[in-house]
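Trainee:
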Amino acid sequence: MNIEPENPTLRLPSPVARLAMPMMGVGAVLLLVGVLLGAIFSSVEMRFAMGAYLTAYTYCLTISLGALFFVIIQHLCRAGWSVTVRRVAELLMSVLPVMAVLFLPILATLWIGEGTLYRWDSEEWVAAHHPDWLNPESPQRSKGIYLSDWFFTLRAILYLSIWAGLALYFFRLSRRQDDTAEIRLTERMQAFSGPAVILFSLSVTFAAFDWVMSLEPIWFSTMFGVYIFAGGMLSAICAITVGVYLVQAAGSLRQQVTVEHYHDLAKLIFGFVTFWTYIAFSQYLLIWYGNIPEETFWFGDRQEHGWAIVSLILVFFHWLLPFLALLNRNLRRRPAYVCGWAAYVLLMHFVDIYWLVMPSVTESPTGGVMGVVTTVLCSLGMVGLFIGAVLRAGDGAPLIPVRDPRLQESLAFHNI
Amino acid sequence: MAIAATTGLDNTVERPGERAPLVLGNTTYHTITESVSSIAEQPPSKLWVLGFLVSASLASMFGLLIAYLIYNGVGVWGNRDPVFWGWPIVNFVFWVGIGHAGTLISAILFLFRQEWRTSINRAAEAMTIFAVVCAGTFPGIHVGRAWLAYWLAPYPSLNLWMWPQFRSPLLWDVFAVSTYGTVSLLFWYMGMVPDLATFRDRSKNKWRRMAYGILALGWCGSSRHWMRYEKAYALLAALAAPLVLSVHTIVSFDFAVSQVPGWHTTIFPPYFVAGAIFSGFAMVLTLMIPSRSIFKLEHLITVRHLENMCKIILATGSIVGLAYGTEFFIAWYGQVPAEQFAFINRAFGPYWWAYWTMITCNVISPQLFWFKRMRTDPVLIFIVTIFVNIGMWFERFVIVITSLSRDYLPSAWGYFSPTWVDWGMLIGSFGLFFTLFMLFCRFMPIINMAETKATLAHQLRHASHHVTEH
Numbered sequence: 002m003n004i005e006p007e008n009p010t011l012r013l014p015s016p017v018a019r020l021a022m023p024m025m026g027v028g029a030v031l032l033l034v035g036v037l038l039g040a041i042f043s044s045v046e047m048r049f050a051m052g053a054y055l056t057a058y059t060y061c062l063t064i065s066l067g068a069l070f071f072v073i074i075q076h077l078c079r080a081g082w083s084v085t086v087r088r089v090a091e092l093l094m095s096v097l098p099v100m101a102v103l104f105l106p107i108l109a110t111l112w113i114g115e116g117t118l119y120r121w122d123s124e125e126w127v128a129a130h131h132p133d134w135l136n137p138e139s140p141q142r143s144k145g146i147y148l149s150d151w152f153f154t155l156r157a158i159l160y161l162s163i164w165a166g167l168a169l170y171f172f173r174l175s176r177r178q179d180d181t182a183e184i185r186l187t188e189r190m191q192a193f194s195g196p197a198v199i200l201f202s203l204s205v206t207f208a209a210f211d212w213v214m215s216l217e218p219i220w221f222s223t224m225f226g227v228y229i230f231a232g233g234m235l236s237a238i239c240a241i242t243v244g245v246y247l248v249q250a251a252g253s254l255r256q257q258v259t260v261e262h263y264h265d266l267a268k269l270i271f272g273f274v275t276f277w278t279y280i281a282f283s284q285y286l287l288i289w290y291g292n293i294p295e296e297t298f299w300f301g302d303r304q305e306h307g308w309a310i311v312s313l314i315l316v317f318f319h320w321l322l323p324f325l326a327l328l329n330r331n332l333r334r335r336p337a338y339v340c341g342w343a344a345y346v347l348l349m350h351f352v353d354i355y356w357l358v359m360p361s362v363t364e365s366p367t368g369g370v371m372g373v374v375t376t377v378l379c380s381l382g383m384v385g386l387f388i389g390a391v392l393r394a395g396d397g398a399p400l401i402p403v404r405d406p407r408l409q410e411s412l413a414f415h416n417i
Numbered sequence: 004m005a006i007a008a009t010t011g012l013d014n015t016v017e018r019p020g021e022r023a024p025l026v027l028g029n030t031t032y033h034t035i036t037e038s039v040s041s042i043a044e045q046p047p048s049k050l051w052v053l054g055f056l057v058s059a060s061l062a063s064m065f066g067l068l069i070a071y072l073i074y075n076g077v078g079v080w081g082n083r084d085p086v087f088w089g090w091p092i093v094n095f096v097f098w099v100g101i102g103h104a105g106t107l108i109s110a111i112l113f114l115f116r117q118e119w120r121t122s123i124n125r126a127a128e129a130m131t132i133f134a135v136v137c138a139g140t141f142p143g144i145h146v147g148r149a150w151l152a153y154w155l156a157p158y159p160s161l162n163l164w165m166w167p168q169f170r171s172p173l174l175w176d177v178f179a180v181s182t183y184g185t186v187s188l189l190f191w192y193m194g195m196v197p198d199l200a201t202f203r204d205r206s207k208n209k210w211r212r213m214a215y216g217i218l219a220l221g222w223c224g225s226s227r228h229w230m231r232y233e234k235a236y237a238l239l240a241a242l243a244a245p246l247v248l249s250v251h252t253i254v255s256f257d258f259a260v261s262q263v264p265g266w267h268t269t270i271f272p273p274y275f276v277a278g279a280i281f282s283g284f285a286m287v288l289t290l291m292i293p294s295r296s297i298f299k300l301e302h303l304i305t306v307r308h309l310e311n312m313c314k315i316i317l318a319t320g321s322i323v324g325l326a327y328g329t330e331f332f333i334a335w336y337g338q339v340p341a342e343q344f345a346f347i348n349r350a351f352g353p354y355w356w357a358y359w360t361m362i363t364c365n366v367i368s369p370q371l372f373w374f375k376r377m378r379t380d381p382v383l384i385f386i387v388t389i390f391v392n393i394g395m396w397f398e399r400f401v402i403v404i405t406s407l408s409r410d411y412l413p414s415a416w417g418y419f420s421p422t423w424v425d426w427g428m429l430i431g432s433f434g435l436f437f438t439l440f441m442l443f444c445r446f447m448p449i450i451n452m453a454e455t456k457a458t459l460a461h462q463l464r465h466a467s468h469h470v471t472e473h
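For the protein sequence lines, the chains are A and B, in the order given.
This note's numbering applies: residue 2 is where the first sequence begins, and numbers increase by one.
This note's numbering applies: residue 4 is where the second sequence begins, and numbers increase by one.
Structure, rendered in structure tokens:
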């Protein structure tokens with residue numbers, strides 16, 4: 002099998018690679034138009050538009066972060082089977098620096114606006130609802146400081162630099178190995194993967210609290226970080242599956258990624274669908290059962306004004322349907338079938354993020370016709386930018402780590 | 004027969020691209036059979052007899068204390084208002100947690116194709132069952148009238164005219180733990196059938212042959228037997244995998260569904276599961292480090308196996324640390340006074356010593372495993388695992404006792420003190436656990452011979468590949 006880096010079947014076919022810049026351009030325009038609709042139409046409001054932006058942003062970000070964790074964990078476990086699909090994951094995570102830039106509009110809502118997206122950002126709202134947060138004498142002042150523009154910004158910079166740093170570290174070393182074939186590079190990545198997990202889990206937990214949970218400034222759930230992680234990991238594995246399938250459909254990697262790899266990816270999708278459900282159900286059950294108003298109102302908001310339908314969609318279509326669809330071993334060994342369900346779960350992940358963010362921003366599940374337009378534009382724009390950036394990173398790089406010392410193991414891999 | 008000549012090799016070093024051997028020494032299929040079977044065939048050593056006598060005495064004490072408890076009532080425990088869940092529940096959660104490593108090794112590591120599990124899965128599964136036995140005893144006697152414990156089972160009773168409360172996590176516990184016990188027992192026994200047949204075939208005495216013969220279910224090692232065996236094993240692994248999460252999740256619900264500050268928090272399910280795996284692996288190491296040296300199994304349970312388990316302890320210990328931190332952070336962030344008090348009280352209240360013992364043992368001590376020297380020295384590992392065992396018992400102590408002793412009204416506060424019966428039962432449950440484990444070591448194949456041979460075959464195939472390549 003030809004695994005020379007120059008082999009064209011190991012690269013993005015040029016018609017696909019050429020799409021990178023147009024996709025980024027069109028994506029940026031759509032995103033801009035989507036957000037501007039909020040400024041123009043009073044029926045949409047800036048708050049809704051920025052909520053749609055945050056939804057789209059969190060959606061792409063969680064995929065990228067999941068891919069980062071996937072890569073780290075492969076090194077940590079010295080995994081052999083996954084080498085031929087690891088580069089696709091690396092490409093998905095390599096756009097984390099781009100995601101860092103795309104966070105700027107969220108920060109702008111704090112510095113330019115006044116409670117445009119986060120309620121705690123409005124002094125008026127805090128003074129009316131939680132005056133103690135502003136009172137220097139009160140012990141609750143510390144929460145006011147935690148949820149203040151500058152401290153929030155500082156933490157966001159910290160999280161984003163950790164992720165961009167980790168992503169670049171693993172991506173660059175892996176790319177360097179394509180040229181040098183140094184085994185030492187694998188050893189370096191392995192050695193760093195342990196501390197990387199610690200950095201990753203701390204930053205993701207707190208980013209989940211800051212960016213999504215604090216949309217409802219008094220609501221809290223210790224499980225929230227795990228919930229975001231579960232959805233991100235699931236959608237990253239789905240994105241890897243879809244990515245690999247599309248690359249194969251375009252003519253590359255046909256010999257390197259086999260049905261065995263799809264089978265394993267499908268098992269992981271099945272596993273993480275179940276894990277996501279486990280986390281989501283536990284969080285719901287404990288809050289429902291405890292029945293304490295400062296916790297239950299969050300689910301209450303998601304059961305009123307038509308949001309109940311969205312909640313039920315998550316139960317039946319984020320969990321039950323893919324769970325049943327991926328139970329069968331023979332079906333898990335059909336690449337097209339697995340790819341179809343992976344794409345489906347990616348759609349459900351969007352519903353999940355929408356359900357997390359939007360009820361804190363708007364009462365109506367759709368926001369009316371213009372609301373739907375805004376959401377669709379923001380999401381398509383963000384996803385377009387995201388995919389464009391991934392393609393740009395993939396242009397010129399082999400789509401498997403061609404000199405990875407465990408590549409042979411992955412190529413020869415068989416499920417028993 | 005091919006011989007994997009790996010004497011004196013350090014298999015904790017793995018060059019990327021080559022897999023380090025999992026079985027060391029001049030090991031062949033025959034020597035694996037010999038070294039495992041001989042443990043059960045030779046007369047017991049003095050050390051074993053001494054250990055067994057001590058454990059069995061403690062187990063008997065446990066039995067006597069249970070009789071004493073049933074005769075006198077639960078007042079002999081330290082359970083008093085406001086702490087009605089005292090040590091018995093602490094012990095229950097502790098022992099259920101211990102079991103989880105066995106299921107993780109036999110089910111989840113199997114599904115993840117971690118071949119190193121083959122040397123340790125049998126003993127770990129046995130440990131699971133014995134831990135479940137210890138765990139199940141405590142709620143059974145905690146109901147007070149132990150002779151009515153069967154009321155927990157849902158059946159259409161003609162005397163009571165009522166069903167158990169299906170909305171109570173305490174009932175879910177009955178289902179969760181009994182399912183767990185059943186599946187673990189089946190998994191353990193089914194996996195042991197080929198090895199029991201080996202014992203049967205090697206038996207020189209009639210009674211022994213008959214006993215192992217019954218247990219081996221007529222296994223003859225035909226390829227049809229093996230095919231069914233593999234299928235059943237994979238199915239049971241898939242069934243057991245969710246049990247690794249579900250059992251301790253439901254145990255965590257016992258606490259988290261309530262409104263008691265320090266109990267009601269959503270991180271409990273995954274945090275309890277991580278803690279259970281953490282404590283379970285510590286106990287596996289506590290048992291395996293002496294066993295491998297007493298029974299001369301260092302070539303099968305190698306330093307690499309120990310190192311891998313240390314890594315799992317480091318990972319799960321850090322998850323537990325993250326959960327402790329998250330709870331503290333959210334208690335502050337949530338700004339609920341009772342919740343804030345509960346956490347300050349844990350760390351600086353009358354039970355501060357329990358809290359800091361827990362933090363030191365569970366969060367700080369496993370951090371030593373960042374260093375390879377620590378992960379590869381059996382004596383150091385053994386010491387750390389003892390710390391982890393202590394720490395995980397204290398974790399449950401902190402959760403159960405400190406939260407109950409001071410909830411909302413200061414007038415309803417109290418301080419829990421254990422009685423001599425509490426102490427005796429804690430020690431006695433260890434006696435029961437070790438008695439069962441020692442009997443297992445004496446009469447059952449403590450290493451999965453069949454699967455370890457498959458690992459060896461795999462290793463040899465790879466070795467010959469390398470020879471032809473170079």
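Idealized CB from N, CA, C, for every residue including glycine.
If you're wondering where the values come from, they're calculated on a predicted model, not measured in any experiment.
Starting from the beta carbon of residue 321 of chain B, find every residue of chain A whose beta carbon is closer than 7 Å, and list them in chain order.
Mentor: 199
Trainee: Would residue 248 of chain B pass as an interface residue toward chain A - the criterion being a Cβ-Cβ separation below 8 Å?
Mentor: yes
Trainee: Starting from the C-beta of residue 52 of chain A, find all residues in its chain whose C-beta is less than 7 Å away, skip the five residues before and the five after it, and write them out in chain order.
Mentor: 118, 358, 359, 362 and 363
Trainee: Among residues of its own chain, excluding the 5 on either side of residue 338 of chain A, which ones have a beta-carbon nearer than 6 Å to its beta-carbon?
Mentor: Within the same chain, Cβ atoms closer than 6 Å to the Cβ of residue 338 of chain A are found at 332, the five residues on either side in sequence being excluded.
Trainee: Spatial neighbours of residue 14 of chain A within its chain, please: C-beta separation below 7 Å, excluding the five flanking residues on both sides.
Mentor: 251, 252 and 253
Trainee: Kindly indicate if chain A contains any beta-carbon less than 8 Å away from that of residue 338 of chain B.
Mentor: yes
Trainee: Answer yes or no: do residue 302 of chain B and residue 11 of chain B have a C-beta to C-beta separation smaller than 8 Å?
Mentor: The answer is no: Cβ separation not under 8 Å.
Trainee: I'd like to know if residue 100 of chain B contacts chain A, where contact means its C-beta is closer than 8 Å to some C-beta of that chain.
Mentor: no
Trainee: Listed in chain order, which residues of the region 239-272 of chain B have Cβ atoms closer than 8 Å to some Cβ of chain A?
Mentor: 245, 248, 252, 256, 259, 260, 261, 262, 267, 268, 269, 270, 271 and 272
Trainee: Thinking just about the alpha-carbon of each residue, which of B:288, B:17 and B:55 is nearest to the one in residue 184 of chain A?
Mentor: B:17
Trainee: Between residue 45 of chain A and residue 372 of chain A, is the Cβ-Cβ spacing less than 8 Å?
Mentor: yes
Trainee: Following the continuous alpha helix (DSSP H) through residue 336 of chain B, name the residue where it begins and the one where it ends.
Mentor: 306-337
Trainee: With a threshold of 8 Å between beta-carbons, can residue 31 of chain B be considered close to chain A, or not?
Mentor: no
Trainee: I'd like to confirm the pairing. Which residues does DSSP put opposite residue 86 of chain B in its beta bridges?
Mentor: B:83
Trainee: So, for residue 307 of chain B: in the same chain, excluding its five sequence neighbours on each side, which residues have a beta-carbon less than 6 Å away from its beta-carbon?
Mentor: 14 and 15
Trainee: Which residues, in order along the region 384-407 of chain A, keep a beta-carbon less than 7 Å from a beta-carbon of chain B?
Mentor: 406 and 407
Trainee: Relative to chain A, which residues along the region 162-174 of chain B have a C-beta separation below 8 Å, given in chain order?
Mentor: none
Trainee: Considering just the uninterrupted stretch of the alpha helix (DSSP H) at residue 425 of chain A, what are its terminal residues?
Mentor: The structure shown does not extend to residue 425 of chain A, since chain A is modelled only from 2 to 417, so the question has no answer here.
Trainee: Is the region 27-43 of chain B close to the region 435-452 of chain B, with three or more CB pairs under 8 Å?
Mentor: The answer is yes - the region 435-452 of chain B touches the region 27-43 of chain B, with three or more Cβ pairs under 8 Å.
Trainee: Listing by chain order, which chain A residues have their CB less than 7 Å from the CB of residue 20 of chain B?
Mentor: 184, 406 and 407
Trainee: Mind checking the region 326-353 of chain B against chain A and listing, in chain order, the residues whose C-beta falls within less than 7 Å of any C-beta there?
Mentor: Under the 7 Å Cβ criterion, the region 326-353 of chain B contributes 329, 330, 333, 336, 337, 338 and 339.
Trainee: Helix, strand or coil for residue 392 of chain B? Go by DSSP, reduced to three states.
Mentor: When DSSP states are grouped into helix, strand and coil, residue 392 of chain B belongs to the helix group.
Trainee: Can you tell which of A:398, A:387 and A:416 has its C-alpha closest to the C-alpha of residue 101 of chain A?
Mentor: Nearest of A:398, A:387 and A:416 to residue 101 of chain A, Cα basis: A:387.
Trainee: What residues in the region 39-57 of chain A have a beta carbon less than 7 Å from any beta carbon of chain B?
Mentor: For the region 39-57 of chain A, which is checked against every Cβ of chain B, not one residue is closer than 7 Å.
Trainee: Say whether chain A places a C-beta atom closer than 8 Å to the C-beta of residue 131 of chain B.
Mentor: no
Trainee: With a threshold of 8 Å between beta-carbons, can residue 473 of chain B be considered close to chain A, or not?
Mentor: For residue 473 of chain B, the predicted structure reports a pLDDT of 40, less than 50, and the residue's modelled location is therefore unreliable. The matter cannot be settled from this model.
Trainee: In chain A, what lies closer than 8 Å to residue 454 of chain B by C-beta?
Mentor: Chain A residues near residue 454 of chain B: none, gap ~12 Å exceeds 8 Å.
Trainee: Using only the alpha-carbon positions, how far apart do residue 382 of chain A and residue 264 of chain A sit?
Mentor: 32 Å
Trainee: Per DSSP, what kind of secondary structure is residue 268 of chain B in: helix, strand or coil?
Mentor: Per DSSP, reduced to three states, the secondary structure at residue 268 of chain B is coil, with no helix or strand assignment.
Trainee: Span of the alpha helix (DSSP H) holding residue 154 of chain A?
Mentor: 150-181
Trainee: Assuming residue 152 of chain B and residue 280 of chain B are in contact, meaning their beta carbons sit under 8 Å apart, how far apart are those beta carbons, in whole angstroms?
Mentor: That pair is no contact at about 29 Å.
Trainee: Check the Cβ of residue 227 of chain A against every Cβ in chain B and list those closer than 8 Å, keeping chain order.
Mentor: 270 and 273
Trainee: Name the chain A residues whose beta carbon is nearer than 8 Å to that of residue 17 of chain B?
Mentor: Correct list: 79.
Trainee: Going by the beta-carbon positions, is the gap between residue 246 of chain B and residue 319 of chain B smaller than 8 Å?
Mentor: The answer is no: Cβ separation not under 8 Å.
Trainee: What are the boundary residues of the alpha helix (DSSP H) that includes residue 452 of chain A?
Mentor: The structure shown does not extend to residue 452 of chain A, since chain A is modelled only from 2 to 417, so the question has no answer here.
Trainee: Closer than 7 Å by C-beta to residue 92 of chain A: which residues in its own chain qualify, once you throw out the five before and the five after it? Chain order, please.
Mentor: 391, 394 and 395
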